[in-house]
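Counting in the numbering used here, the sequence shown runs from 21 upward without gaps.
To start, the structure itself, in structure tokens.
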Amino acid sequence: MIDTIIEPSDPEAGWSRLAAASERLATTRSLGEVVAVLRETARAIVGAEGIAVVVREAGTCFYAAEDAVGPLWAGKRFPIESCVSGWAMLHQETVVIPDIRTDDRIPRDAYSPTFVRSLAMAAIGRPEPIAAIGAYWSRMGEPDPAVVARLEALARSAAIAIENARLLASIRESDRQREMALAAGRMGVWSLDLPSRTLKTSAMCRITFGRDPDRDFSFAELRAAIHPDDRERVFATIWESIANANDCDLEHRVVTAAGETCWVAIRAQPTYAADGTPLMLVGVSVDITARQRMEEALRDSAATLEHLVAERTRELIKTQEALRQSQKLEAMGQLTGGVAHDFNNLLTPIIGSLDLLQRRAVGGAREQRLISGAIESADRAKTLVQRLLAFARRQPLNPGAIDVATLLIEMSTLIGTTIGPQISLRLDIAEDLPLAHADANQVEMAILNLAVNARDAMPEGGTLTIAAKLDSAGRDHRASLSEGQYILLSVADTGTGMDETTRARAIEPFFSTKGVGRGTGLGLSMAHGLALQLGGALALDSAVGAGTLIELWLPVSNVAVLAVAAVPAEAAPHRHSGTALLVDDENLVRATTADMLTDLGFTVIEARSGEEALALLDANPDIDILVTDHVMPHMTGAELARAATARRPGLRVLVVSGYSDAGGLSPDLPRLEKPFRQADLALHIAAAMQMPAAASV
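Printed below as a string of structure tokens:
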């Protein structure tokens with residue numbers, strides 16, 4: 021049931037604040053001032069727990085400012101078609117959403133971390149909205165019509181203020197551009213009174229003709245300043261312009277008071293009396309000496325220019341090759357993301373069946389060895405999928421407390437295999453190293469990238485040293501870090517090193533010295549971006565013949581001890597009693613999982629789809645837990661979980677997914693990734709069964 025968010029206890033105060041805000045908006049002179057007034061006043065005017073001011077920018081919605089009880093989206097940009105503010109601007113109407121869970125216009129991934137449960141969004145500007153203002157509440161409900169009316173009134177006042185600011189800015193810009201054009205172009209202004217031959221000139225005009233800017237410049241002096249070889253042509257053009265009412269446009273040489281020869285361009289128009297008598301010749305002059313000299317130099321360096329064009333073309337080809345390499349990487353990421361689900365579905369019955377056979381000690385010693393070998397191979401296939409997903413960047417950044425020392429030790433075998441036998445690997449890990457705040461998968465990928473770069477820099481072999489220690493950053497840190505404690509993770513090689521030009525561009529995306537087809541130029545830039553995203557930094561030190569040192573600074577985690585929850589592979593799973601509803605559209609996966617559940621003590625009811633599962637749930641009141649696949653036709657596991665718990669509030673739910681980055685799942689919803697063993701299934705079922713009923717979805 022949706023409640024009504026009632027008018028604040030003092031509605032008159034809201035209208036008074038609106039009037040005061042409108043007066044402040046009337047005095048604003050820029051879009052920035054309008055945004056500031058809205059941020060400071062809107063929340064109190066509508067009685068909301070949060071407001072956001074959104075500006076439309078080139079097909080995106082930029083959340084320019086906010087005032088709220090918790091963080092919203094300040095400073096972020098979203099495609100205009102995918103956010104509520106964009107919908108309000110595109111449809112030119114106010115949006116009122118009493119419950120964000122039930123409205124398809126809500127981007128749930130963006131809203132789920134916030135306190136927002138209901139909102140109102142008003143567009144700013146007519147006929148083409150250029151901004152929007154949103155009001156947010158932490159509980160579901162329909163805002164009082166008076167609240168919406170004040171929000172819309174505030175939006176109208178803001179629209180008027182923005183239009184006024186634009187008009188003032190246009191006037192100022194016109195004057196500014198005229199002055200800037202004259203100053204930037206070093207243009208002198210002059211006028212010649214034709215009947216009296218009186219010449220008036222600006223200081224810049226006098227400078228252009230090589231004369232003292234503080235002294236008058238007569239028409240006779242102007243005539244004398246024109247180069248003798250150009251004088252006849254110049255005045256013939258001037259008199260022809262006056263006689264035929266044409267624009268005067270010419271370029272000529274002048275001789276300065278110091279005897280130097282310069283080039284001047286003149287643009288002028290004649291004016292006339294009512295009877296056609298010529299009155300004035302008004303124009304501008306500009307020194308074009310540099311341009312003339314450049315044109316001469318360009319004419320003399322045509323061969324050089326052709327050479328530069330050829331060099332640029334080669335650079336462009338290299339860039340295009342790098343782009344193609346990047347596109348290959350992205351294509352691989354898309355491919356692996358799609359294949360992962362099917363591949364994990366194939367591995368699930370393999371690993372699950374082998375695990376059951378091993379637990380039941382099927383066959384003799386020889387058969388058990390074969391089963392153990394098959395399980396080991398399947399686990400390696402599972403690890404391969406995870407590493408491929410990490411390399412293809414299909415796993416979102418999920419920072420947390422990680423043990424860098426353990427990570428490096430566990431990766432040492434993989435790194436040694438990657439760099440080959442010609443290169444000696446050395447680990448230098450400090451004792452009692454605290455935990456780092458980072459994403460283990462992304463850090464692992466960064467280390468592998470750096471190790472591959474080091475390997476390529478040591479074609480004749482060498483030493484790769486990977487070190488980790490606790491370090492601190494003070495003021496003026498070489499990596500521009502904020503003051504504090506960091507885990508310094510360094511990768512050093514004894515390879516060829518980089519020259520100054522290469523070192524300056526090393527972290528640029530797509531820059532690579534490995535040649536076409538051997539690298540994307542993204543390794544260092546990805547590591548650099550990862551460090552910055554985590555609040556750390558990347559530093560590089562290299563010299564030709566002296567090797568390369570890459571330092572990755574990761575912030576120290578505020579978690580003192582890394583909590584590890586695991587069930588030993590050989591431990592006997594906890595047995596349960598009760599009924600489990602198992603849903604999966606893959607027959608082999610469903611059959612294997614059903615055997616595992618049965619072996620754990622459950623009575624299993626199977627369903628092939630979400631619709632069939634809901635019907636079985638209605639027909640069987642004794643079901644204790646729902647175990648469902650996530651990616652299924654017509655209805656996902658998350659959707660099924662919501663529908664099932666709505667019908668049966670006390671029902672526990674476990675979602676099984678073949679995607680490592682499956683979307684649409686609540687962070688509170690227990691989830692098990694495919695492929696899995698019976699022990700994994702038992703552990704996650706136990707966790708789901710222990711969760712409070714309200715938190716199971």
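Here a beta-carbon is modelled for each residue, glycine too, at the ideal position from N, C-alpha and C.
- Taking C-beta separations shorter than 6 angstroms and ignoring five residues to either side along the sequence, the partners of leucine 212 in its chain run Leu219, Leu301, following chain order.
- Proximity of the stretch 130-150 to the stretch 162-177 meets the contact definition, three or more beta-carbon pairs being nearer than 8 angstroms.
- Here DSSP, grouped into helix, strand and coil, assigns leucine 58 to helix.
- Residue burial is scored here from C-beta neighbours: asparagine 461 has at least 16 other C-beta atoms within 10 angstroms and is therefore classed as buried.
- For valine 168, the CB contacts under 7 angstroms within the same chain, skipping 5 residues up- and downstream, are Thr114, Val116, Ala140 in chain order.
- Taking the C-beta atoms as reference points, aspartate 267 is found nearer than 8 angstroms to glutamine 289.
- Counting along the chain, the unbroken beta strand (DSSP E) around aspartate 448 starts and ends at 443-449.
- The beta carbons of valine 75 and alanine 151 sit about 5 angstroms from each other, so the pair counts as a contact at 8 angstroms.
- Residues of the same chain with a CB within less than 7 angstroms of the CB of arginine 49, apart from the 5 flanking positions on each side, are Ala185, Leu188 in chain order.
- Going by beta carbons, leucine 602 and alanine 702 fall outside the 8 angstroms limit.
- Of the candidates Met465, Ala512, Val472, the residue whose Cα lies closest to the Cα of leucine 484 is Ala512.
- For the pair glutamate 280 and glycine 230, the CB atoms are nearer than the 8 angstroms cut-off.
- Secondary structure note for valine 651: it is in no beta strand (DSSP E), with a DSSP letter that is neither H nor E.
- In this chain, glutamine 289 is not harboured by any alpha helix (DSSP H); it is covered by the beta strand (DSSP E) spanning 281-292.
- The beta carbons of isoleucine 371 and alanine 398 sit about 5 angstroms from each other, so the pair counts as a contact at 8 angstroms.
- Here alanine 421 is actually not in contact with isoleucine 449; their C-beta atoms are around 17 angstroms apart, not less than 8 angstroms.
- The three-state secondary structure of aspartate 519, taken from DSSP, is coil.
- With contact defined as three or more Cβ pairs closer than 8 angstroms, the stretch 461-476 and the stretch 495-507 are not in contact.
- Listed in chain order, the non-local C-beta contacts of arginine 146 below 8 angstroms within the same chain comprise Gln112, Ala179, local neighbours out to five positions each way being set aside.
- Per DSSP, the beta bridge partners of proline 99 are Thr80.
- Taking the C-beta atoms as reference points, leucine 617 is found nearer than 8 angstroms to valine 624.
- Between aspartate 615 and leucine 377, the beta carbon gap of about 10 angstroms keeps them out of contact (Cβ cut-off 8 angstroms).
- Rounded to whole angstroms, the Cβ separation of leucine 674 and valine 647 is 5 angstroms, and the two are in contact under 8 angstroms.
- Counting only the Cα atoms, proline 99 lies some 6 angstroms from glycine 79.
- Around the beta carbon of glutamine 698, a 10 Å sphere encloses 16 or more other beta carbons of the protein chains shown; the residue is thus reported as buried.
- With contacts defined by Cβ atoms closer than 8 angstroms, phenylalanine 696 and threonine 368 form a contacting pair.
- The residues Ile371, Leu374, Asp375, Gln378, in chain order, have a CB closer than 8 angstroms to that of isoleucine 395 in the same chain once the five nearest residues on each side in sequence are set aside.
- Between glycine 34 and valine 66, the beta carbon gap of about 7 angstroms places them in contact (Cβ cut-off 8 angstroms).
- If you draw a straight line from the Cα of glutamine 710 to the Cα of threonine 438, it comes to about 43 angstroms.
- For the 8 angstroms CB-CB criterion, leucine 558 and alanine 547 form a contact.
- In this chain, the beta strand (DSSP E) harbouring alanine 143 covers 138-144.
- Secondary structure note for glutamate 113: it is in no beta strand (DSSP E), with a DSSP letter that is neither H nor E.
- Listed in chain order, the non-local C-beta contacts of aspartate 561 below 7 angstroms within the same chain comprise Leu569, local neighbours out to five positions each way being set aside.
- Residues of the same chain with a CB within less than 8 angstroms of the CB of threonine 613, apart from the 5 flanking positions on each side, are Thr368, Gly372, Leu602, Asp604, Val647, Val676, Leu701 in chain order.
- Under the criterion of beta carbons closer than 8 angstroms, serine 510 and glutamate 571 qualify as touching, at roughly 5 angstroms.
- The stretch 423-489 is shown to contain whole beta strand (DSSP E) runs of 3 or more residues at 443-449, 456-458, in chain order.
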